Structures are given as C-alpha cells and as structure tokens.
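Asks: Going by the working numbering, the residue at position 123 of the sequence shown is 127; the numbering climbs one at a time, nothing skipped.
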Amino acid sequence: MARRRAHQYVSLPAASLALVLAATACGDDNTSDALQVWIMEGTNPDASAFFDAANEAFTEETGMDVEVEFVPWADAQDKISTAIAGGTVPDVIELGTTFTPEYAAAGALHDLSGYIDDPSRFHQEMYEMGVVDDAAYGVPWYASIRSIIYRKDIFEEHGHEEPTSWEELRETALDLAEAEEDMIVFPVPGQAQYSVMPWIWGGGGELAVQESDGTWTSTVDSPEGRAGVEFFTGLALEDGLSTTGAVNWNEIDVMESLSDEKSIMAISNSSNPKAILEANSDLEGKLGAFVLPGQESGYMDSFAGGSLLSVFEGTGNEEAGWRYVDMLTGTDLFDRWGEESGFFPAGVEQIETYAESDDPLVRPFATQLLDAGRSTPALPAWSQVEAEGVLVGMQQDILNGNATVDEATENAAATIERLLNEGA
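1. Quick one: grab the DSSP three-state call for alanine 382.
2. Where aspartate 286 and phenylalanine 294 are concerned, what is the direct C-alpha to C-alpha distance, given to the nearest angstrom?
3. Between threonine 223 and glutamate 421, which are expected to be in contact by the criterion C-beta below 8 Å, what is the C-beta distance as a whole number of angstroms?
4. Residues in its own chain within less than 8 Å of glutamine 354 by CB, not counting five upstream and five downstream?
5. Where proline 76 and alanine 407 are concerned, what is the direct C-alpha to C-alpha distance, given to the nearest angstrom?
6. Out of Ile256, Gly218, Ile271, which has the shortest C-alpha to C-alpha gap to phenylalanine 236?
7. Which residues does DSSP pair with methionine 44 in a beta bridge?
8. When the Cβ atoms of the stretch 303-310 are set against those of the stretch 201-216, are three or more pairs found closer than 8 Å?
9. With 16 other CB atoms within 10 Å as the buried threshold, where does valine 213 fall?
10. Can you pull the DSSP bridge partners for isoleucine 97?
11. Measuring only the C-alpha atoms, how far is proline 94 from glutamine 40?
12. May I have the straight-line CA-CA distance separating alanine 240 from alanine 196, to the nearest angstrom?
13. Taking the straight line between their C-alpha atoms, what separation do you get for glycine 142 and glycine 134?
14. So, are the CB atoms of leucine 116 and tryptophan 326 less than 8 Å apart?
15. Mind pulling the alpha helix (DSSP H) runs of 4 or more residues that sit fully within the stretch 265-309?
16. Count the other C-beta atoms from every protein chain shown that fall within 10 angstroms of the C-beta of glycine 67, then say buried if there are 16 or more, exposed otherwise.
17. Going by the CB atoms, is the gap between leucine 312 and threonine 104 shorter than 8 Å?
18. Does the stretch 252-264 come into contact with the stretch 274-293, if we say contact requires no fewer than three beta-carbon pairs (one atom in each stretch) closer than 8 Å?
19. Less than 8 Å between the C-beta atoms of serine 274 and serine 151, yes or no?
20. Go through its chain and collect everything with a Cβ distance to arginine 125's Cβ below 7 Å, but skip five positions before and after it.
21. Considering only residues of the same chain and omitting the five flanking positions on each side of aspartate 32, which have a CB-CB separation below 6 Å?
22. For a test of the three-state rule: what should DSSP assign to serine 246, helix, strand or coil?
23. Among residues of its own chain, excluding the 5 on either side of aspartate 121, which ones have a beta-carbon nearer than 7 Å to its beta-carbon?
24. Just how far apart, CA to CA, sit glutamate 360 and aspartate 37?
25. Going by DSSP, what residue range makes up the alpha helix (DSSP H) through tyrosine 131?
26. Can you tell me which of Thr47, Glu166, Val258 puts its alpha carbon nearest to the alpha carbon of tyrosine 303?
27. With DSSP as the reference, identify every bridge partner of isoleucine 152, one or two as the case may be.
28. What did DSSP end up calling isoleucine 188 once you bin it into helix, strand or coil?
29. I'd like to confirm the pairing. Which residues does DSSP put opposite valine 70 in its beta bridges?
30. Hey, how far is the Cα of tyrosine 131 from the Cα of glycine 427?
31. If you run the structure through DSSP and keep just helix, strand and coil, what is glutamine 214?
32. Could you name the residues of the same chain whose beta carbon sits closer than 8 Å to that of aspartate 69, not counting the 5 residues immediately before and after it, in chain order?
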C-alpha cells in the first residue's frame with residue numbers, strides 16, 4: 005500500500021504544478037520498510053513469477069522488501085493524479101513514454117542523470133522521451149513499434165511479395181481485393197493515432213517542429229503531410245480496401261480482425277503476433293510481417309512506444325528506487341521481461357539481436373525499431389494533444405466525410421500548435 009509523502013502534487017499543467025510543489029515541499033519523509041512499485045497491468049499477462057524473482061533478488065541485495073501494485077492502463081493517469089494530489093505516490097513507477105515529460109517537467113520525478121552510466125545503450129528515441137532540460141527522468145524499459153502484419157499464405161497463393169513502396173502496397177492490396185472479395189484487405193482504423201503517424205512522417209510532414217523563436221509549428225497540413233494522410237485514408241475512401249466500421253476501430257479491433265481471419269494485412273503493434281497466434285493457433289505459419297515501406301523506397305518512420313521506469317521525488321527512497329530500476333534494466337531481467345511480454349527490451353544491443361532473428365514475425369519489427377522508429381515530441385504538453393484526440397479526430401472527420409483532408413489536417417495542425425505553445 006502506498007503511503008503519504010512529504011510532497012503533495014495535483015494534476016495541473018507543469019508550470020502550475022511546479023508552484024504547488026514549491027509551496028508544499030515541507031514535512032518529514034514517512035518512508036515504509038518496503039519499496040513501493042507501480043507497474044502497468046497487462047503488458048505481461050502473468051507477471052507474478054517475474055516480479056517474485058526480481059523482488060527476491062532485490063531484497064537479497066539490499067535487505068529491503070518490495071511491494072508491487074499492478075495498475076490498469078485505462079486507470080493510470082487518474083490514479084497517478086490522485087496519488088500526486090494526496091501525497092501517496094510510490095517509489096518507482098512505470099510510465100508510458102508520452103506521459104513521462106509531463107510529470108518530469110512538473111518536478112514530480114527524481115533526476116536520474118547521475119545514475120545512468122551509458123545512455124547510448126538504450127534506444128535513443130525512447131531515452132529522449134524521458135529527458136527534460138537535459139536531465140533524465142526515466143529509463144527505457146521495453147519498446148514496441150508498428151509495422152505491417154500480413155497473411156503470408158494469401159500473398160503466396162496469389163503470387164505477391166512484400167511491397168517496398170506505397171504504390172506497390174496499393175497495387176498489391178487492390179489485386180487482393182479482387183481475389184478475396186469476402187475479406188478486408190487493409191483496415192484503416194479511425195481511433196488509432198499511431199497508425200496515421202507513419203504516413204504523416206512518410207510523406208515528409210512533422211507533428212511539430214520548434215522554430216528559432218521557441219514556438220512550435222506543425223506541418224501535418226503541409227503538402228507533404230497531407231500527401232501521407234490522403235494516401236492512407238484513400239485506401240479506405242477511394243480504393244475501398246477497408247470497411248466502414250473501421251472508422252471506430254482502435255488497435256485492438258485491428259488485431260482481432262487479423263486473429264479472426266477477417267483481414268489480410270494491417271498496421272499492427274510488435275506485440276500483436278504473439279497475441280494473434282494465442283487467439284487462433286490455426287494461423288501458425290500463415291502470418292508474416294514487413295517494415296512499413298517508404299513512399300518510393302526504403303522504410304518510413306513508425307511510432308516507437310513503450311515504457312520508461314521512473315522514480316518519484318520526495319519519497320525518501322530515491323536511491324533504493326534507482327537500484328530497483330537499474331536491476332530491471334541492467335541485468336538478465338531486462339531480456340526476460342521482453343521474452344515473457346512479447347515486447348522488445350529497450351536496449352540497442354538487445355534490439356539488434358532480435359533484428360538478426362530467423363523469426364519472420366520478430367525480425368521486421370526489430371528492424372523497424374532500429375532503423376525507422378521515432379517518438380512523438382518529448383514535450384510535457386504533448387500529453388494534451390493525445391488527451392484531446394487531435395489525430396484521432398482528424399482521422400475520423402476524414403473517414404466519416406465530415407471534412408476534406410485539407411480541412412482536417414489544417415484543423416489538426418492548428419490545434420497541435422495551440423496546445424504546444426500554450427503549454428510551453
């Protein structure tokens with residue numbers, strides 16, 4: 005059970021929260037005999053044995069017990085905000101990459117810069133998500149990436165190879181639509197923001213870039229950004245390769261359409277192959293994956309997500325918290341978590357090993373992560389962009405016919421700029 009802390013926080017924008025921290029930074033540390041750890045629930049379906057081993061090793065090394073609480077992802081932000089406001093934060097917490105900058109900028113997290121010997125051993129896009137004002141507030145733990153999962157058996161049956169450009173992807177999909185009339189060839193989900201990001205980047209647009217005066221500009225509505233969005237949504241609206249219901253689909257819906265043998269190929273998370281095969285063993289040997297192709301050749305960037313491990317400030321157990329984080333990310337437990345969860349350990353050496361794998365459902369995702377994986381802007385205010393569903397709204401407006409690509413991207417870019425510049 006988490007205990008009361010010397011500092012009390014409230015869920016406010018970073019600047020306001022910093023004032024609260026300064027005003028309440030008083031009182032004695034009421035530390036517990038046990039290290040309090042919050043881990044997000046569901047990443048590893050059965051994490052009990054893992055944490056039994058980790059906690060036993062930590063206790064043997066430090067003499068300190070560990071209490072792990074599993075927090076559902078859907079409840080995470082509310083639970084963290086409540087704990088911050090009530091001064092009952094844990095010592096160590098798993099945070100999604102897009103959450104970390106907000107809490108770091110607010111002063112809620114402990115600076116780990118002095119502990120991390122070699123930042124270069126971690127996936128750099130993920131590492132940068134935990135860096136605010138040149139200080140590191142999170143250590144990359146595990147990573148995921150989006151590439152394309154496809155029905156290898158259906159491709160082979162109709163004489164198709166993995167496409168290497170946007171046009172090849174479209175031509176392959178159109179041919180398969182004629183050959184497999186009862187299947188969804190390429191679902192275009194309306195509620196999956198990480199599925200549209202690659203097309204913005206692939207066309208040459210940027211979610212946000214910082215100008216010389218410090219302000220942020222989005223080029224989602226540039227000709228390049230629009231070209232990517234138009235191509236992706238056009239697979240549904242112009243080419244009929246998706247399904248009308250997909251306007252309300254999220255990533256889980258897309259994954260289920262593959263496991264239910266309703267879709268031929270789709271942008272999917274690197275953890276999905278394992279889940280798909282567990283749901284439908286008949287697909288064993290029938291699935292393949294390929295890196296998201298570039299507009300003309302090569303690869304286009306895809307969102308590299310995952311989690312960082314952070315230590316809360318003001319608990320009195322910051323040193324012990326770091327030692328626990330270091331154990332999970334600096335020993336064989338780092339690799340073990342990846343093997344059990346289906347995610348990649350967020351270390352460069354580990355990902356490189358996976359990129360050399362013979363497994364056709366592992367190697368392409370690892371290659372994508374190494375060569376064409378990137379994150380959202382490492383800004384506290386980016387969480388507001390996600391909270392307001394800016395890219396989801398853009399997608400759905402286009403797919404529902406409520407706005408043209410030009411109108412929807414213009415609105416999305418303006419909203420991104422407003423939120424980032426207000427929060428700067």
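Glycine is no exception: its CB is placed at the ideal position from the N, C-alpha and C atoms.
Just so it is clear, the structure is predicted and the values come from calculations on it, not from any experiment.
Replies: This is what the structure holds:
1. Assigned with DSSP and collapsed to three states, alanine 382 falls in coil, not helix or strand.
2. About 21 Å.
3. Wrong, their Cβ atoms sit about 10 Å apart, outside the cutoff.
4. Within the same chain, Cβ atoms closer than 8 Å to the Cβ of glutamine 354 are found at Phe338, Asp339, Gly342, Phe348, the five residues on either side in sequence being excluded.
5. Taking the straight line joining both Cα atoms gives about 35 Å.
6. The option with the nearest alpha carbon to phenylalanine 236 is Ile271.
7. Answer by DSSP bridge pairing, in chain order: Val75.
8. Judged by pairs of C-beta atoms under 8 Å, the stretch 303-310 touches the stretch 201-216, as three or more such pairs exist.
9. Under this definition valine 213 is an exposed residue.
10. Note: isoleucine 97 is bridge-paired with Trp42, Ser314 in the DSSP secondary-structure output.
11. About 5 Å.
12. So the alpha carbons of these two residues sit roughly 15 Å apart.
13. Between the C-alpha atoms of glycine 142 and glycine 134 there is a straight-line separation of about 5 Å.
14. For leucine 116 and tryptophan 326, yes; Cβs fall inside 8 Å.
15. Listed in chain order, the alpha helix (DSSP H) elements of length 4 or more contained wholly in the stretch 265-309 are 276-283.
16. Counting Cβ neighbours within 10 Å, glycine 67 comes out exposed, since fewer than 16 surround it.
17. Note that the C-beta distance between threonine 104 and leucine 312 is below 8 Å.
18. They touch, by the three-pair rule.
19. When the beta-carbon positions are compared, serine 274 and serine 151 come within less than 8 Å of each other.
20. Non-local beta-carbon contacts of arginine 125 in its own chain, meaning distances under 7 Å to residues more than five positions away in sequence, involve Gly351, Val352, Glu353 in chain order.
21. Caution is warranted here: a pLDDT of 36 is assigned to aspartate 32, below 50, making its placement in the model unreliable, and no coordinate value can be reported.
22. Of the three classes helix, strand and coil, the one that applies to serine 246 here is coil, per DSSP.
23. Nothing listed; no residue qualifies.
24. Roughly 44 Å between the two C-alpha positions.
25. That run of the alpha helix (DSSP H) goes 128-133.
26. Out of Thr47, Glu166, Val258, Glu166 has the C-alpha closest to the C-alpha of tyrosine 303.
27. BP columns for isoleucine 152 point to Ile271, Phe294.
28. Taken through DSSP and simplified to helix, strand or coil, isoleucine 188 comes out as strand.
29. Bridge partners of valine 70: Leu39.
30. Roughly 22 Å between the two C-alpha positions.
31. In this structure, glutamine 214 counts as strand in the three-state DSSP scheme.
32. In its chain, beyond the 5 residues on either side, Asp37, Ala38, Leu39, Asn59, Thr63 have a beta carbon closer than 8 Å to the beta carbon of aspartate 69.
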